Amino acid sequence: MNKDKTTLGLELPTDPRWVNIAEKNIEDILVDHAYCEQKAASSCISLIIMFPEREKLVDVLTPVVAEEWAHFELVIEHLKKRGFKLGKARKDEYVSRLNGIMKKGGTRDEQLVERLLMNALIEARSCERFKLLWKNIEDEELQRFYYDLMVSEAGHYHNFIDLAKEYLPADKVENRWKYFLSEEAKIMKELTPRADRMH
Ligand SMILES: [Fe+2]
Ligand SMILES: [Fe+2]
Numbered sequence: 000m001n002k003d004k005t006t007l008g009l010e011l012p013t014d015p016r017w018v019n020i021a022e023k024n025i026e027d028i029l030v031d032h033a034y035c036e037q038k039a040a041s042s043c044i045s046l047i048i049m050f051p052e053r054e055k056l057v058d059v060l061t062p063v064v065a066e067e068w069a070h071f072e073l074v075i076e077h078l079k080k081r082g083f084k085l086g087k088a089r090k091d092e093y094v095s096r097l098n099g100i101m102k103k104g105g106t107r108d109e110q111l112v113e114r115l116l117m118n119a120l121i122e123a124r125s126c127e128r129f130k131l132l133w134k135n136i137e138d139e140e141l142q143r144f145y146y147d148l149m150v151s152e153a154g155h156y157h158n159f160i161d162l163a164k165e166y167l168p169a170d171k172v173e174n175r176w177k178y179f180l181s182e183e184a185k186i187m188k189e190l191t192p193r194a195d196r197m198h
């Protein structure tokens, strides 16, 4: 397993060619990114709606909703500044494939942990992509933007992992997390890096 802490446990690093092709398609990347932030906010809202009795979850995720929505607003600003439009959402193949990793059934706590780990996984991969963009993109304004997002999404990744450990024993969460990481690596291997997608 990759022990580099900055990859948050991800097993397969992004194909380094992705950042070069992404930079040439910055309009598509920004549009796709805007939808990623929108989905991140909506996913936290759904968790709060589905598990309102989990006090810690509500306390931790309520400010995360606000942060994800602020990210969405910032991406919209970057789009507008460059004369681009948000347009319609495109199919998110990465996330639809990831959803297949989650176990069906089980206790309410197990269901919650599956969802928390799914969120942690998307945060970890997003963080890795923002790091690549920050380090490699030429646009200085976007460099700073991606650096800030990398830091923020890494914080969210820790929020989700810590929350998971509130509801199931740490060893169970860790086993499940290892499974999520290995399945994500398989999915990443199968998906060709796309010039117009964050993932
Ligand atoms: Fe975000
Ligand atoms: Fe996030």
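Each residue of the sequence shown is one higher than the last, beginning at 0 in numbering that gives the first Met the number 0. Every residue, glycine too, gets a C-beta built ideally from N, C-alpha and C. A quick note: this is a predicted structure, and the numbers were derived from the prediction, not measured.
Lysine 171 carries a helical assignment under DSSP once its states are collapsed to helix, strand and coil. Assignment of alpha helix (DSSP H) within the region 70-144, counting only whole runs of 4 or more residues, yields 92-98, 107-135 in chain order. Secondary structure note for asparagine 19: its alpha helix (DSSP H) is the uninterrupted segment 16-22. For alanine 39, the Cβ falls inside the 8 Å cut-off from some heavy atom of ligand 1.
For the pair of segments examined, the region 40-50 was found not to touch the region 13-31: the number of CB pairs separated by less than 8 Å stays below three. A distance criterion of 8 Å places the beta-carbon of glutamate 67 in contact range of ligand 1, judged by its closest non-hydrogen atom. With a beta-carbon spacing of about 19 Å, valine 94 and alanine 163 fall beyond the 8 Å limit used to define contacts. Between lysine 188 and asparagine 19, the alpha-carbon positions lie close to 19 Å from each other.
When distances are taken from the beta-carbon of valine 94 to the heavy atoms of ligand 2, even the shortest one reaches 8 Å or more. For glutamate 122 and arginine 193, the gap between their C-alpha atoms comes out near 19 Å. Collapsing the DSSP output to three states places glycine 8 in coil.
Contact check between the region 158-175 and the region 83-101: fewer than three CB pairs, one atom from each, fall below 8 Å, which does not count as touching. About 6 Å separates the beta carbons of threonine 13 and glutamate 127, which is inside the 8 Å limit, making them a contact pair. DSSP, reduced to helix, strand and coil, places aspartate 161 within a helical segment of the structure shown. Relative to ligand 1, the beta carbon of glutamate 76 is positioned no closer than 8 Å to any heavy atom. Threonine 191 sits in coil when the DSSP states are folded into three classes, being neither helix nor strand. Here glutamate 76 has no same chain residue with a Cβ atom under 6 Å from its own Cβ, once five neighbours each way along the sequence are excluded.
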